[in-house]
Amino acid sequence: MSAVLEARELTFGYSREQPLLADWSAAFDAGEVVAVTGPSGRGKSTLLYLLGLMLAPHNGEVVLDGRPASALRDGARSRLRGSAYGFVFQDAALDATRTVIDNVTETALYRGQSRHAALVRGRELLEQFGVAVRADAKPGQVSGGQAQRIALCRALLGEPRVLLADEPTGNLDPASARVVVNAFHAHANTGAAVVVVTHDPALVAQCDRTIEL
Amino acid sequence: MSWQIAALVRESLASAWSQRVASVVTIVMIAGMCAAVLLTTGRTVGAEDAVLRSIDSAGTRAIVISADAAAGLDSTVLDRIAHLDGIQWAAAFGSVTDVTNAAFPDGTPVPTRNVWGSELDDLGIGTSVDPGSTAWASEDALGELGLIEPAGGAVSETGGDIAVVGKLNLPDYLSFLEPAVFIPEPASRVGPVSILVVIASRPDLVEPVAAATKSVLAVDDPTAVSMKTSAALAALRAAVEGQLGQFGRTLVLLICGLTGVLVAAILFGLVMLRRRDYGRRRALGATRSLIVTVVLVQTAAPAVVGAAVGSLAGTISIAALGDPAPDLDFIVAIGVFAIAVAVIAALLPALVAARREPIRELRVP
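Here the protein sequences come in this chain order: A and B. Take 1 as the starting number for the first sequence in my numbering and just add one per residue. Take 1 as the starting number for the second sequence in my numbering and just add one per residue.
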């Protein structure tokens, strides 16, 4: 299998004297779901933000589909995040002031996708993940499990090459967690790489590979 | 590209709608700013316009030259004046000849004057079919002649017949000629002139135009000529215009500056409250320029509403108070200025929003 995403000798720390990651390398192949685990404070989330081009490494580089990505200018990295990445955050990170369908289709604007196409695909995804709420409902009117599924729909809307998830099942009941994990595998099977930072042993057990920090 | 701009505007408007408190505060601030400017500076501008109109109507720009017969001033002076700059209107008037109503030879005599000028239609004088014996009379003159309608016959003291064919529309600066009966003369028929009236095109040109006119009079005896100008009134006009204009500009800048600071402070507070939202947008792929644009457009949209509401409220209030209103250009300019103030005030908060770091805003402790 070919590597969709690579970390090449990444070095990063919030202080130069104590780097969280030093010359850290890994490859994430198409079709696999990789769990990143380890004790708190080892830099798991930081690694996810580095891989997601939200942080710039002090040394080393992040390579997406064979092309260096982390050294790009901020605007180019932003556009890449919008077009090639999907993100699922621990607490869903939905916009409480906007409707469910607005949240799902938010990234369409960032990658220049037509709103009509995004709305059609967004409604399909909500139905596929069993989010049984009105599309014009607000995130405050849905449960935690539904909120995380809505966040998953948002992440999958652009059919990203890389799906990054930070503790995606941390606040979910087993049934909702199962839906999320199944979605990760289904998306990986489309040829994408999925990287999941988690403390959840049940989730780790269902991943194809585990990286311990 | 156009649909992407439309999508960006739609997103900005949706953001403005979803943040109703911020939008309503912006509307209120900008409406208050426009209304405050209109009710203070706007009223000042309206009053200034009214005062200036009043000064203008009193003949601020009029130059009146009186010449005795010994001066030898004739109607050819108009040809020489036509070559001078800064003159809006000029006419030359002959000496007085009394006329009476042809039906009442013993009636009240009314003074008539021959008149020369290229723009006599400003006085209501039409084309004369019989130059030299066709006259136009003012309301007062018609009354004294005993003519109910501006049509009738008159007889001069020398026995000549004159036909009154129309009513004069006498401006304030010629009111000293009342009761007036004017007999238009063609430029080709040169005659003696006892009064020359010149209107400068601007108040500040009164003095130079008066000097230039005096230099082209070509009279035999300069001591037989006297000149009256409204230079003092013109100076007063300039002072009124300058001082009130300066006061108005200072007040506008003060109110706009204060409103701009308040709008910026409120928007900055709202950006800080929604920093997690901007951090999420950055994480999901929004570029900094896109976030700046969204914040600016979502500020401009309620600002447009506020400017419209404030301008309307201010204008209605001025009308209700019975004060002179500023013209439409001033009202529109204040509205556009208020929107610009809101957008400029939103720039710093927008830049702060665009620099939110996803990892700072989205990490859960």
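From the three backbone atoms N, C-alpha and C, an ideal C-beta is built for every residue, glycine too.
Quick one: measure Cβ to Cβ for A/P139 and A/V180, integer angstroms, because I've assumed they're closer than 8 Å.
With 8 Å as the limit, A/P139 and A/V180 do not qualify as a contact, their Cβ atoms being about 17 Å apart.
If we ignore side chains and look at the alpha-carbon of each, how far apart do B/L38 and B/A90 end up?
39 Å
Taking only beta-carbon positions, decide if A/A93 is within less than 8 Å of chain B.
yes
Roughly how many angstroms separate the alpha carbons of B/P186 and B/G132, rounded to a whole number?
8 Å
Give me, in chain order, the residues of the same chain whose beta-carbon lies closer than 7 Å to that of B/G248; leave out the 5 immediate sequence neighbours on both sides.
T41, T44, V45
Can you give me the Cβ contacts of A/Y49 inside the same chain, cut-off strictly under 6 Å, excluding the 5 residues immediately before and after it?
L55
Hey, quick one: how far does the beta strand (DSSP E) through A/F28 stretch, first residue to last?
21-29
Among the candidates A/A165, A/A71, A/T169, whose CA atom is the shortest distance from the CA of A/T46?
A/A165
Beta strand (DSSP E) segments (min. 3 residues) lying fully within the segment 45-90 of chain A:
59-64, 85-88
Minimum C-alpha distance to A/G38 - residue among A/Q206, A/D208, A/V196
A/V196
I want to see whether chain A comes within less than 8 Å of B/A7, judged by CB atoms only; does it?
yes
Restricting to runs no shorter than 4 residues, where is the alpha helix (DSSP H) found entirely within the segment 52-129 of chain B?
77-81
Proximal residues to A/A188 (C-beta, below 7 Å), its chain only, five neighbours per side dropped:
G31, E32, V33, V194
For B/R237 and B/A301, I'd like the C-alpha separation in whole angstroms.
41 Å
What span of residues does the alpha helix (DSSP H) with B/L351 cover, start to end?
328-354
Would you say the segment 204-212 of chain A touches the segment 16-35 of chain B, given that touching needs at least three Cβ pairs under 8 Å?
no
Since A/E167 and A/T190 should fall inside the 8 Å C-beta cutoff, what is the C-beta to C-beta distance between them, to a whole number of angstroms?
Actually they are not in contact, since the Cβ atoms of A/E167 and A/T190 sit about 23 Å apart, beyond 8 Å.
Go ahead and pull the three-state DSSP assignment for B/P302.
helix
Exposure label - A/E159; buried when at least 16 CB within 10 Å
exposed
Round the Cβ separation of B/A67 and B/A307 to the nearest angstrom and send it over; I've been treating them as touching at under 8 Å.
At roughly 57 Å, the Cβ-Cβ gap does not stay under 8 Å, so B/A67 and B/A307 are not in contact.
For B/G259, three-class secondary structure by DSSP
Note that residue 259 of chain B is Thr in the sequence shown, not Gly. If DSSP states are grouped into helix, strand and coil, B/T259 belongs with the helices.
Mind the definition here: the segment 68-87 of chain B touches the segment 160-174 of chain B only if three or more C-beta pairs lie below 8 Å; say whether that holds.
no
Using 8 Å as the Cβ pair cut-off and three pairs as the minimum, do the segment 338-358 of chain B and the segment 251-265 of chain B touch?
yes
Can you pull out the residues from the segment 276-306 of chain B whose beta carbon lies closer than 8 Å to at least one beta carbon of chain A?
R276, D277, R280, R281, R282, A283, L284, G285, A286, T287, R288, S289, L290
B/V216, buried or exposed, once every other Cβ within 10 Å from all chains shown has been counted against 16
exposed
Looking at the strands, I want to know which residues DSSP matches up with B/P184.
B/V115
On a CA-only basis, which of B/K228, B/V193, B/S194, B/I195 is nearest B/V209? Give me that one, please.
B/K228
Are A/A108 and A/A147 closer than 8 Å when you measure CB to CB?
no
What separation, rounded to the nearest whole angstrom, lies between the Cα atoms of A/R77 and B/R281?
13 Å
Quick one, are the C-beta atoms of A/Y110 and B/A7 less than 8 Å apart?
no
Give the straight-line distance between the Cα atoms of B/A180 and B/W116, rounded to the nearest whole angstrom.
14 Å
Measuring only the C-alpha atoms, how far is A/H185 from B/V341?
52 Å
Using DSSP with H/G/I as helix, E/B as strand and the rest coil, what is B/G42?
helix
Hey, quick one: how far does the alpha helix (DSSP H) through B/L214 stretch, first residue to last?
Inspection of the sequence shows that residue 214 of chain B is occupied by Lys rather than by Leu. Looking at the DSSP string, the run of the alpha helix (DSSP H) that includes B/K214 is 206-215.
Assuming the contact rule is C-beta atoms closer than 8 Å, A/R81 and A/L53 should be a hit. Round their C-beta distance to whole Å, please.
6 Å
I think A/D29 touches A/A3, with their Cβ atoms under 8 Å apart; what is that distance to the nearest whole Å?
5 Å
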